[in-house]
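Enquirer: For reference, each letter of the sequence shown is one residue, going 1 to 281 in full-length UniProt numbering.
What follows is a structure written as structure tokens; I'll ask about it next.
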Amino acid sequence: MSMSALEYAQKAEALCVLPDVYLRLKEILEDEQASLSAIADVLSLDPALSATLLKIANSALFNFPREVDSISKAISILGTQEVHNLVNTYGATAAFSHLDSSAIDLDRFWEISVDCALICKYLAEKKHISKSKGLFVSGLLHNIGELAVLQSDVEKVKYCQQYDKKETPWQRQQDALGFTYADCSVELLTLWQLPESLIAPIRDFHLAYGEERSPAASLLYVASRLALLNSHPGMYSKKHFVGLHILQDLDISMADLDEAINFCNLEGLSILSALTLKKPD
1 MSMSALEYAQ KAEALCVLPD VYLRLKEILE DEQASLSAIA DVLSLDPALS ATLLKIANSA
61 LFNFPREVDS ISKAISILGT QEVHNLVNTY GATAAFSHLD SSAIDLDRFW EISVDCALIC
121 KYLAEKKHIS KSKGLFVSGL LHNIGELAVL QSDVEKVKYC QQYDKKETPW QRQQDALGFT
181 YADCSVELLT LWQLPESLIA PIRDFHLAYG EERSPAASLL YVASRLALLN SHPGMYSKKH
241 FVGLHILQDL DISMADLDEA INFCNLEGLS ILSALTLKKP D
């Protein structure tokens, strides 16, 4: 009997527990009365999270002119909303940090995820896309449902990995599961009580080609496909794969796409390393 996206997410939630510090931080960051010093105190309890936050704050994602050398300074400069987004990123990725499987290429999985996140952030800022705050997190976690399914059904994940230029990964997922990994991502992130603003683009982006969706969902549609193209050079035609009418709606040119790819190729490894998803060779 086939499992639903929610059932896969529920099993993964039970197996992949969010770090305690993430849960404490989530509570305090959602308290509008919380002080910066209180947030810094909780962050400092977890050296790995503190180091991650400082690495990302000093990365090209934010491009600050001076080094951010303390947690309190990072919070002050980034703002609590951006810190909240990064904490959500840390919690979700840390939950799967001990996953070890030969069924999929985990390095490629995270590389595509980070590329998608970087493309989202680059194009959202360049084109002033409305309601795109936190889209970096949506891009990074849009496919985390694959890891949820992997916990329960290795063979189906292996099947879904065998796509080629005649079909997309999402078509394979629908064929094998009756839903896409993004659908499972939505269920898992909802169970983890991540903000709806981060989940909504993931829920909608696959529909953006044929239906009018939010600019954030449309941009995630473009970024997810561009990230896949970047990992499989020559497999698909960029001009047709990313949706020309969506590019026109977002005022994104092919040159903009090339710039976004260059940005993620330059910065991807440092972000992977900062998130401890992949260490530099």
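Think of the CB as a built atom: it goes at the ideal place given N, C-alpha and C, for glycine as much as any other residue.
These figures come from a predicted structure and were not determined experimentally.
State the Cα-Cα distance for the pair Val68 and Leu54, rounded to the nearest angstrom.
Expert: For this step, residue 68 is matched to residue 68 along the sequence shown. For this step, residue 54 is matched to residue 54 along the sequence shown. Taking the straight line joining both Cα atoms gives about 7 angstroms.
Enquirer: Kindly indicate which three-state DSSP category Leu99 falls into: helix, strand or coil?
Expert: Residue numbering aside, residue 99 sits at position 99 when the sequence shown is read from its first letter. Coil.
Enquirer: So, do the region 97-106 and the region 154-163 have three or more beta carbon pairs nearer to each other than 8 angstroms?
Expert: In short, these stretches touch, since the Cβ pair count reaches three.
Enquirer: Just checking: is the beta-carbon of Val42 within a distance shorter than 9 angstroms of some beta-carbon in chain D?
Expert: Protein chain content of the structure displayed is limited to a single chain, and chain D is not contained in it.
Enquirer: Among Asn230, Pro65, Gly234 and Leu247, which has the Cα closest to the Cα of Leu266?
Expert: As a working note, residue 266 is residue 266 in the sequence shown. Residue Asn230 is the option with its Cα nearest to Leu266.
Enquirer: Around the Cβ of Asp281, are there at least 16 other Cβ atoms within 10 angstroms (buried) or fewer (exposed)?
Expert: For the purposes of this step, residue 281 is taken as residue 281 along the sequence shown, with counting starting at 1. With a pLDDT of 47 at Asp281, under the threshold of 50, the modelled position of this residue cannot be trusted; read the value that follows with caution. Exposed, by the Cβ-count rule.
Enquirer: Rounded to a whole number of angstroms, what is the C-alpha to C-alpha distance between Phe263 and Ala124?
Expert: Position 263 of the sequence shown, counted from the first residue, corresponds to residue 263. Position 124 of the sequence shown, counted from the first residue, corresponds to residue 124. For Phe263 and Ala124, the distance between alpha carbons rounds to 13 angstroms.
Enquirer: Let's test the definition: count the other Cβ atoms within 10 Å of the Cβ of Val17 and tell me whether it reaches 16, buried, or not, exposed.
Expert: The residue given as residue 17 occupies position 17 in the sequence shown. By the neighbour-count rule (16 or more Cβ atoms within 10 Å), Val17 is not buried but exposed.
Enquirer: Do you know how far the Cα of Asp183 is from the Cα of Arg203?
Expert: By 1-based counting over the sequence shown, the position of residue 203 is 203. By 1-based counting over the sequence shown, the position of residue 183 is 183. Approximately 7 angstroms, taken between the alpha carbons.
Enquirer: At 4 residues or longer, and completely inside the region 178-247: list those alpha helix (DSSP H) runs for me, N to C.
Expert: Correct list: 181-191, 196-204, 215-231 and 238-241.
Enquirer: Drop a sphere of 10 angstroms on the beta-carbon of Glu27, count the other beta-carbons inside from all chains shown, and report buried for 16 or more, exposed for fewer.
Expert: Residue mapping note: residue 27 aligns to position 27 of the sequence shown, counting from 1. Exposed.
Enquirer: CB-CB under 6 angstroms to Asn85, same chain, minus the five flanking residues each way: which ones, in chain order?
Expert: Within the sequence shown, numbered from 1, the residue matching residue 85 stands at position 85. Closer than 6 angstroms at the Cβ level, and outside the excluded window around Asn85, lie Gly134 and Val137.
Enquirer: How far does the alpha helix (DSSP H) with Lys166 in it reach, from first residue to last?
Expert: The residue given as residue 166 occupies position 166 in the sequence shown. Unbroken run through Lys166: none, as it is neither H nor E.
Enquirer: Let's test the definition: count the other Cβ atoms within 10 Å of the Cβ of Ser165 and tell me whether it reaches 16, buried, or not, exposed.
Expert: As a working note, residue 165 is residue 165 in the sequence shown. One point to set straight first is that residue 165 is Lys, not Ser, in the sequence displayed. Counting Cβ neighbours within 10 Å, Lys165 comes out exposed, since fewer than 16 surround it.
Enquirer: Just the Cα atoms here: how many angstroms apart are Arg24 and Ile39?
Expert: Residue 24 sits at position 24 when you count from the first residue of the sequence shown. Residue 39 sits at position 39 when you count from the first residue of the sequence shown. Each residue's alpha carbon lies about 10 angstroms from the other.
Enquirer: Kindly give me the distance between the Cβ atoms of Ile271 and Leu118, rounded to whole angstroms, as I take these residues to be in contact under 8 angstroms.
Expert: Residue numbering aside, residue 271 sits at position 271 when the sequence shown is read from its first letter. Residue numbering aside, residue 118 sits at position 118 when the sequence shown is read from its first letter. That belief holds up - the Cβ atoms of Ile271 and Leu118 are roughly 7 angstroms apart, short of 8 angstroms.
Enquirer: Is the beta carbon of residue 283 less than 9 angstroms from the beta carbon of Phe62?
Expert: There is no way to answer for residue 283, as the model of the chain reaches only from 1 to 281.
Enquirer: Cutting at 6 angstroms between CB atoms, please list the residues of its own chain near Glu146, excluding the five before and the five after it.
Expert: In the sequence shown, counting from the first residue as 1, residue 146 sits at position 146. Cβ within range, chain order: Tyr181.
Enquirer: What's the C-alpha gap between Lys139 and Gln161?
Expert: Indexing the sequence shown from 1 puts residue 139 at position 139. Indexing the sequence shown from 1 puts residue 161 at position 161. For the record, residue 139 in the displayed sequence is Gly; it is not Lys. Distance between the alpha carbons of Gly139 and Gln161: 20 angstroms.
Enquirer: Pick helix, strand or coil for Met3, following the three-state DSSP scheme.
Expert: Residue 3 sits at position 3 when you count from the first residue of the sequence shown. Three-state result, Met3: coil.
Enquirer: According to DSSP, is Arg66 part of a helix, a strand, or is it coil?
Expert: Within the sequence shown, the letter at position 66 stands for residue 66. Of the three classes helix, strand and coil, the one that applies to Arg66 here is coil, per DSSP.
Enquirer: On the criterion of 16 or more Cβ atoms from any shown chain inside 10 Å, does Asp46 qualify as buried, or is it exposed?
Expert: Your numbering for residue 46 matches position 46 in the sequence shown. Its Cβ being crowded by 16 or more others within 10 Å, Asp46 is buried.
Enquirer: Hey, quick one: how far does the alpha helix (DSSP H) through Ala148 stretch, first residue to last?
Expert: Sequence index remark: in the sequence shown, residue 148 carries index 148 (1-based). Unbroken alpha helix (DSSP H) run through Ala148: Gly145 to Leu150.
Enquirer: Determine the direct distance from the alpha carbon of Val114 to that of Gly79, and round the result to whole angstroms.
Expert: Within the sequence shown, residue 79 is the residue found at index 79, counting from 1. Within the sequence shown, residue 114 is the residue found at index 114, counting from 1. Approximately 22 angstroms between the Cα atoms of the pair.
Enquirer: Tell me, to the nearest whole angstrom, how far the beta carbon of Leu198 is from that of Leu189; I am working on the premise that it is less than 8 angstroms.
Expert: Here residue 198 corresponds to residue number 198 of the sequence shown, with the count starting at 1. Here residue 189 corresponds to residue number 189 of the sequence shown, with the count starting at 1. That belief holds up - the Cβ atoms of Leu198 and Leu189 are roughly 7 angstroms apart, short of 8 angstroms.
Enquirer: In angstroms with no decimal places, state the Cα-to-Cα distance between Ser97 and Tyr90.
Expert: Taking the sequence shown and counting its residues from 1, one reaches residue 97 at position 97. Taking the sequence shown and counting its residues from 1, one reaches residue 90 at position 90. Approximately 10 angstroms between the Cα atoms of the pair.
Enquirer: In this structure, how does DSSP classify Asp41 when only helix, strand and coil are distinguished?
Expert: Indexing the sequence shown from 1 puts residue 41 at position 41. Helix, per DSSP.
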